[in-house]
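Enquirer: Can you read through this structure? Questions will come right after.
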Amino acid sequence: MNYGKYSVYYRPLSANDIEAIHKTSMHVLEKAGFTVDNRRALELFAEHGAEVDFEKKIVRVKEEWVMEYLKKAPARVTLYGREEKHNLVVEADRTYYGTGGTALNIYDRETQERRPAVISDTAAIGRLVDSLEHIDWYLLPVYPNELPKEDVDINRFYHGIKSTSKHVMGGIYGGNNGANDLIKLAQTIAGGAEELKRRPLISVICCTISPLTLESSYIDLIFDLVLAGIPIATPAAPIAAATSPVTLAGTLAQINAEAICGILLAQVIREGAPVLYSVVPTTANMKSMEFLFGAVENGIMNAACAQLASYYNLPQYSTGGVTESKVFDVQNGLEKCLNNLLPGMAGAQLIHNAAGQIDSSMAVAYEQYVLDNEIIGNIKRVLKGITVTPGTLAAELIQEVGPGGNFLAQEHTLEHMRQELYLPSLAVRQNYTAWDKGGRKNMVDHARAEVARVFSEHRPLPLPDGLEKELKAQFPNMVCLP
């Protein structure tokens, strides 16, 4: 096994720790097993040699069986954008940051007041994300409260795809009808069923329930999506001290087993199905027992899960920059930076929730996407490290300039400065006098100005001519926005 081969900067787990967590997870899967609340899936597991208790709906599997089926899962999954430059190759040594959801509330960019999210917010946030260079894909971040449940999925994905040429990911809320509509939508936009399998423009989240449960409706969705060739994430979100042990090691052993369960189901449905090792580890507030999303321990566990995914040589979906803060304050920046930085430094590959969310993922804010884009830009500079070559060492240049010289006017400076030094667009780097004369603006002021600029100037790549009319005829419940 490979012990965190790409966790170069931060390794919360030793090789022995990883092996111990793996063995504990295998013990759990063999002795306790996991609930599979779906007859079709139970029969499929039995056909493939798993031990199945049909009466209790429990599947138990031994380590040898688990490892055999994990090897059938691909080590690389490519998530495609409508533009090739936005394709994401999810594999070792690559880290991407995306948005997350699904929040019920949003802070209105005009009034700054918190209100229920609507479908136009899905489109507007997508357009904003399309313009932000450090946010790599668009995970649909809000739930459109004004729509009937049966219309939610088709409209969320349609307006997500239309508003950005980056890859679009999201959950399904309308059950199998929602999944069927979504598959047809994606096939139409991609140019047919086979073209969608070849270049999946969307991926879908199908949750595992902690502790150790695959719920019936999610299983039905997994069948439909896997057979359609759409990549899936099957994340579990155990709450340490509530739905998993209070110890981080215990929660890691459980969430590792749960992440594996989703992969096993996908592989018994279709060998080689594109599925991500998916984790959302969280903790409980020991003072109130409420759910916590912004705790630093969540960042530590996400980093540890990156090492576990590397152990199995699987592409990983993990969690990043969520904060408990309700405003743009120091707590917000601290929690977001730590919880995005730690998994990135450990080699996490697809980090969702990295941008836009506040208030323990209960709300999003337009300004927050721009602020988080800058945080992520700084983090990507950290992950890039230091390039040491004859050109960057600059021995001859140092000799030429010599003692007491100046490097500012040298061509070497112009050639390398943009690659070497991250240039933030929001951070205040003026001296006091210039800042004072400029109106004493801070990062939030600059973020609001950038949001206004994007909505005034930025236009995403449009859908092909005639496609919108075709989709509207096919899906009469699709909402058209100006």
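Take 2 as the starting number for the sequence shown in the numbering used here and just add one per residue.
C-beta: ideal position from N, C-alpha, C; glycine also.
1. I need the DSSP call for residue 83, collapsed to helix, strand or coil.
2. Give the secondary structure of residue 299 by DSSP, where H, G and I count as helix, E and B as strand, and everything else as coil.
3. If we ignore side chains and look at the alpha-carbon of each, how far apart do residue 11 and residue 255 end up?
4. Based on DSSP bridge pairs, tell me the residues matched to residue 36.
5. When DSSP labels each residue in this structure, what does residue 54 get in the three-state scheme?
6. Spatial neighbours of residue 419 within its chain, please: C-beta separation below 7 Å, excluding the five flanking residues on both sides.
7. Can you tell which of 417, 66, 35 has the C-alpha that lies nearest to the C-alpha of residue 210?
8. Tell me the start and end of each unbroken alpha helix (DSSP H) in the region 452-479 that is at least 4 residues and wholly inside, in chain order.
9. Under three-state DSSP, which class holds residue 130?
10. If I'm right that residue 145 touches residue 156 with Cβ under 8 Å, what's the distance once you round it to whole angstroms?
11. Using the rule of at least 16 other Cβ atoms within 10 Å of the residue's Cβ for burial, across every protein chain shown, is residue 7 buried or exposed?
12. From which residue to which residue does the beta strand (DSSP E) around residue 89 run?
13. Quick check: residue 79 and residue 89, are their CB atoms within less than 8 Å of each other?
14. By Cβ distance below 6 Å, which residues in the same chain neighbour residue 129 in space, the five residues on each side in sequence not counted?
15. What residues match up with residue 138 in a beta bridge as DSSP calls it?
16. Between residue 478 and residue 329, what straight-line distance do the alpha-carbon atoms span, to the nearest angstrom?
17. Check whether the region 432-439 touches the region 108-120, taking contact to mean three or more Cβ pairs, one atom from each stretch, closer than 8 Å.
18. Return the CA-CA distance between residue 4 and residue 312, expressed in angstroms with no decimal places.
19. Can you tell me whether residue 262 is buried or exposed? The criterion is at least 16 other CB atoms within 10 Å of its CB, across all chains shown.
20. What did DSSP end up calling residue 432 once you bin it into helix, strand or coil?
21. Under the three-state reduction of DSSP, which class applies to residue 245: helix, strand or coil?
22. Please return the same chain residues whose Cβ sits closer than 7 Å to the Cβ of residue 301, not counting the five positions on each side in sequence.
23. Relative to the alpha-carbon of residue 184, which residue among 227, 321, 449, 467 has its alpha-carbon at the smallest distance?
24. Can you look up residue 406 in the DSSP assignment and give me helix, strand or coil?
25. Starting from residue 170 and walking both ways along the beta strand (DSSP E), at which residues does that stretch end?
Expert: In short:
1. In the sequence shown, residue 83 corresponds to position 82, counting from 1. Coil at residue 83, not helix or strand.
2. As a working note, residue 299 is residue 298 in the sequence shown. Looking at residue 299 - three-state DSSP - the assignment turns out to be helix.
3. The residue you call residue 11 lines up with position 10 of the sequence shown. The residue you call residue 255 lines up with position 254 of the sequence shown. Their backbone Cα atoms lie some 22 Å apart in a straight line.
4. As a position in the sequence shown, residue 36 is number 35, starting the count at 1. In DSSP, residue 36 forms a bridge with 59, 214.
5. The residue you call residue 54 lines up with position 53 of the sequence shown. Of the three classes helix, strand and coil, the one that applies to residue 54 here is strand, per DSSP.
6. Reading the sequence shown from its first residue, position 418 is the one you call residue 419. Excluding sequence neighbours, residue 419 sits near nothing in its chain.
7. Position 209 of the sequence shown, counted from the start, is the residue given in the question as residue 210. For the residues 417, 66, 35, the minimum Cα distance to residue 210 belongs to 35.
8. 468-475
9. Here residue 130 refers to the residue found at position 129 of the sequence shown. In this structure, residue 130 counts as helix in the three-state DSSP scheme.
10. Stepping through the sequence shown from its first residue, residue 145 is reached at position 144. Stepping through the sequence shown from its first residue, residue 156 is reached at position 155. Right, their Cβ atoms sit about 6 Å apart.
11. Reading the sequence shown from its first residue, position 6 is the one you call residue 7. Residue placement at residue 7 cannot be trusted, given a pLDDT of 40 that sits under 50; what the coordinates show is reported in the next sentence. With 16 or more other Cβ atoms within 10 Å, it is buried.
12. If you number the sequence shown from 1, residue 89 lands on position 88. Note, residue 89: beta strand (DSSP E), 89-91.
13. Taking the first residue of the sequence shown as position 1, residue 79 is located at position 78. Taking the first residue of the sequence shown as position 1, residue 89 is located at position 88. Cβ distance < 8 Å, so residue 79 and residue 89 count as in contact.
14. As a first step, residue 129 is located in the sequence shown; it is residue number 128 there, counting from the start. 370, 455.
15. Looking up residue 138 in the sequence shown gives position 137. Note: residue 138 sits in a beta bridge opposite 99.
16. The sequence position of residue 478 within the sequence shown is 477, counting from 1. The sequence position of residue 329 within the sequence shown is 328, counting from 1. Answer to the nearest angstrom: the Cα atoms are 37 Å apart.
17. no
18. For the purposes of this step, residue 4 is taken as the residue at position 3 of the sequence shown. For the purposes of this step, residue 312 is taken as the residue at position 311 of the sequence shown. Annotation note: pLDDT 38 at residue 4 (below 50); position unreliable, coordinate value reported separately. Between residue 4 and residue 312, the C-alpha separation is close to 5 Å.
19. For this step, residue 262 is matched to residue 261 along the sequence shown. It counts as buried.
20. What you label residue 432 is simply residue 431 of the sequence shown in a count that begins at 1. The answer is coil: DSSP assigns residue 432 none of H, G, I, E or B.
21. As a position in the sequence shown, residue 245 is number 244, starting the count at 1. Residue 245 falls in the strand class under three-state DSSP.
22. Position 300 of the sequence shown holds residue 301. If we look at residue 301 and ignore the five residues flanking it on each side, its Cβ neighbours are 13, 249, 343.
23. For the purposes of this step, residue 184 is taken as the residue at position 183 of the sequence shown. Cα-wise, what sits closest to residue 184 is 227.
24. Taking the first residue of the sequence shown as position 1, residue 406 is located at position 405. In the structure shown, residue 406 sits in coil (DSSP, three-state: anything other than H, G, I, E or B).
25. The residue given as residue 170 occupies position 169 in the sequence shown. That run of the beta strand (DSSP E) goes 169-172.
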